Amino acid sequence: MYCLYIDSHLENLVIALLLDGKLLEEKTITQAKHSEIIVNLIAEILSHNKISVDALKEIIVINGPGSFTGVRIGVVIAKIMGYTKNIKLKPISFLQAGALNYDIPITLGIEDKNGVFIGSFNEEHKLINDYSYINNNERKNKDIIIIKDKINIEKVYEYLKTQEPVSPHMLKPLYVKKLEVQNG
Amino acid sequence: MDVYILAIESSCDETSMAIVKNGKEVIGLSIATQIDTHALYGGVVPELASRMHTEAITLVLEDVLNKAKMKLEDMDAFAVTYAPGLTGSLIVGIEAAKTLSLIYNKPLIAVNHLIGHIYANNIENNMEFPMLALIVSGGHTELLIMDDDYTFKKLGETLDDAIGESYDKVARVLGLKYPGGPNVEKLAREGNHTYDLPRPVMDDTYNFSYSGLKSAVINLVHNETQRGKEINKADLARTFQDVAIDELVRKVEKAFKETGIKRLVVAGGVSANSYLKEEMQKLCAKYEAKLFIPRLLYCTDNAAMIGAAAMPLYLKKEFSDFSLNASSSGDIC
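Which chain is which? The protein sequence lines are A and B, in order. With numbering that gives the first Met the number 0, letter number 119 in the first sequence gets 118, and the count goes up by one each step, no holes. With numbering that gives the first Met the number 0, letter number 325 in the second sequence gets 324, and the count goes up by one each step, no holes.
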């Protein structure tokens, strides 16, 4: 069973293909305009493995948090593929995907220029409380580990095996940050 | 053979898809508007628009397929607005179109939103050339000559604000709700031309200017309020509209005289303004010119016009690849 993995939430764009939970191919592109690269990258990885979108049974998409536009690009592609070809959609946050590398309770973070997105997880990788975003000046004395390691895509696949897929209409980016207009 | 194009439009605050046959016949059209949401904030909030496009995208796709009673397998191409507009919003439609093009292995066609507004006049109609094209919207005010399909020569454009933008600003200063254009027009119908507002551009070019007119309205309201005088909003709306539209009429009349062209197409969101339509009808009658204005449904942003504008590109095989990106500016020529 083929599964496509899409992660476009930050500078690194990662597209991967799995077969029965084993990684067949993974492509990472850094510092590119995601919107100009991503569909080509998906097309390349599919044709290189001699399959079409029809062969996909599942899509794992990193739904955030991170660059709003970056996240949307991956999510929109997943939504359209899921809707048109009845492919199961399994979203996961980058923070939770990162937490799968740890077997202890942990608080992980993703930095952007003004602050950090945070998620705390228990030893079973379940989210404790909600995701949050704090500015750099509120960050002192907080025990946050910034995700630097590569995501283990096979582990993500295994973890999501037991999770219910999300319907294409309901799949949404995880923004965490509210808009300024909504705060006021 | 008939050509079916599925077109996507997400440049501002409407998520729209249409299935258009041969660039002429709208088989299905779906529009999810965000106007009520943005009205809460007095104007379009770009990030919010992008978020709403993302939430709507598959719902709109489902709706248009249901309305058209067609399948994606029946499509010959996928067209999408790539410019001009809000970049984050455009990207949602662009990625959706590219994904469909990949899945169904059919060409991707990139359409300029303004050209889309012009080709709205080709739906259920046949545009003839040469013609003058007046583009009037929230972001653009331009007068062009079209000698043929996709052949544009610019006569003039706004030096500052677009006409639709000035309507929105005037609406705000008059305390009218977003979207301002239709509300100013409605109020203007109840008023008389009693105020004195300056004519925008007095030179002999085809250029437009709406910033000075907008400022004059704002200053007038400010000064009268300071003096404790009450503004007659309907009269001010009427005076503003008279001056704003008269400017368009003068420039089109100059073009009729100097080019000898006997056709005019009016395109863009402001073409929904019925006073503009009446004035252009009078002008065209005077010069025995043929007037094209889309029906109301196709005046404002919609994907049917994108499907119509994609047809000449389909015939010329002017296709895009998956590296297509959004552009906030999108000059036609």
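Backbone N, C-alpha and C fix where the C-beta goes; we use that ideal spot for every residue, glycine too. Values in this document were obtained by computation on a predicted structure and should not be read as measured data.
Alpha helix (DSSP H) containing residue i: first to last residue?
i: Asn218 (chain B); result: Ser210 to Gln225
i: Met310 (chain B); result: Ala303 to Leu314
i: Thr83 (chain A); result: Phe67 to Lys84
i: Ile152 (chain A); result: Ile152 to Leu159
i: Val172 (chain B); result: Ile162 to Val172
i: Tyr4 (chain A); result: Note, Tyr4 (chain A): premise wrong, no alpha helix (DSSP H); beta strand (DSSP E) at Tyr1 to Asp6.
i: Leu295 (chain B); result: Leu295 to Cys298
i: Asn182 (chain B); result: Gly179 to Ala187
i: Ile44 (chain A); result: His33 to His47
Any beta carbon from chain B within less than 7 angstroms of residue i's own beta carbon?
i: Lys78 (chain A); result: yes
i: His168 (chain A); result: yes
i: Tyr4 (chain A); result: no
i: Ala31 (chain A); result: no
i: Ser34 (chain A); result: yes
i: Leu178 (chain A); result: yes
i: Asn39 (chain A); result: yes
i: Tyr130 (chain A); result: no
i: Ile72 (chain A); result: yes
i: Val186 (chain A); result: Because residue 186 (chain A) is not part of the residues shown, which for chain A are 0 to 183, the question remains open.
i: Tyr1 (chain A); result: no
i: Tyr82 (chain A); result: yes
i: Val13 (chain A); result: no
i: Ala42 (chain A); result: yes
i: Val60 (chain A); result: no
Within 7 angstroms of any Cβ in chain A, is that where the Cβ of residue i sits?
i: Phe321 (chain B); result: yes
i: Ile90 (chain B); result: yes
i: Ile4 (chain B); result: no
i: Ala17 (chain B); result: no
i: Ala76 (chain B); result: no
i: Gly267 (chain B); result: no
i: Leu101 (chain B); result: yes
i: Thr98 (chain B); result: yes
i: Asn111 (chain B); result: no
i: Ser175 (chain B); result: Rather than Ser, the amino acid found at residue 175 (chain B) in this sequence is Leu. False, the Cβ-Cβ gap to chain A never drops below 7 angstroms.
i: Thr14 (chain B); result: no
Are the CB atoms of residue i and residue j nearer to each other than 7 angstroms?
i: Val52 (chain A); j: Ile102 (chain B); result: yes
i: Gly137 (chain B); j: Gly163 (chain B); result: yes
i: Ile14 (chain A); j: Lys32 (chain A); result: no
i: Asn206 (chain B); j: Gly267 (chain B); result: no
i: Gly306 (chain B); j: Ala6 (chain B); result: yes
i: Pro199 (chain B); j: Glu257 (chain B); result: no
i: Leu142 (chain B); j: Ile260 (chain B); result: no
i: Pro172 (chain A); j: Lys78 (chain A); result: no
i: Ile72 (chain A); j: Ser7 (chain A); result: yes
i: Asn113 (chain A); j: Asn140 (chain A); result: no
i: Asp76 (chain B); j: Ile26 (chain B); result: What sits at residue 76 (chain B) in the sequence shown is Ala, not Asp. Against a cut-off of 7 angstroms, the Cβ pair of Ile26 (chain B) and Ala76 (chain B) comes out as no contact.
i: Leu170 (chain A); j: Leu88 (chain A); result: yes
i: Phe318 (chain B); j: Pro106 (chain B); result: yes
i: Met304 (chain B); j: Ala119 (chain B); result: yes
i: Leu23 (chain A); j: Leu12 (chain A); result: no
Across which residues does DSSP place residue i in a beta bridge pair?
i: Ile30 (chain B); result: B:Ser15
i: Thr27 (chain A); result: A:Val13
i: Ser385 (chain B); result: The first residue shown for chain B is 0 and the last is 332, placing residue 385 (chain B) beyond what the model contains.
i: Glu54 (chain B); result: The partner list for Glu54 (chain B) (beta bridge, DSSP) is empty, contrary to what the question assumes.
i: Arg262 (chain B); result: B:Lys289
i: Ala82 (chain B); result: B:Asn111
i: Lys20 (chain B); result: B:Tyr3 and B:Glu24
i: Met145 (chain B); result: B:Met130 and B:Phe151
i: Val135 (chain B); result: B:Thr140
Around the C-beta of residue i, are 16 or more other C-beta atoms found within 10 angstroms, so that it is buried, or is it exposed?
i: Gln181 (chain A); result: exposed
i: Phe93 (chain A); result: buried
i: Ala284 (chain B); result: exposed
i: Arg50 (chain B); result: buried
i: Leu39 (chain B); result: exposed
i: Thr157 (chain B); result: buried
i: Cys11 (chain B); result: buried
i: His37 (chain B); result: buried
i: Arg237 (chain B); result: buried
i: Cys298 (chain B); result: buried
i: Ser327 (chain B); result: exposed
i: Pro197 (chain B); result: exposed
i: Gln33 (chain B); result: buried
Looking at the secondary structure, which residues open and close the beta strand (DSSP E) in which residue i lies?
i: Ser119 (chain A); result: Gly114 to Phe120
i: Lys134 (chain A); result: Reading off the sequence shown, one finds Asn at residue 134 (chain A), where the question assumed Lys. Looking at the DSSP string, the run of the beta strand (DSSP E) that includes Asn134 (chain A) is Leu126 to Asn134.
i: Glu57 (chain A); result: Leu55 to Ile61
i: Pro90 (chain A); result: Lys87 to Ile91
i: Lys152 (chain B); result: Thr150 to Glu156
i: Ile105 (chain A); result: Ile105 to Glu110
i: Cys332 (chain B); result: Neither: Cys332 (chain B) is in no beta strand (DSSP E) and is coded neither H nor E.
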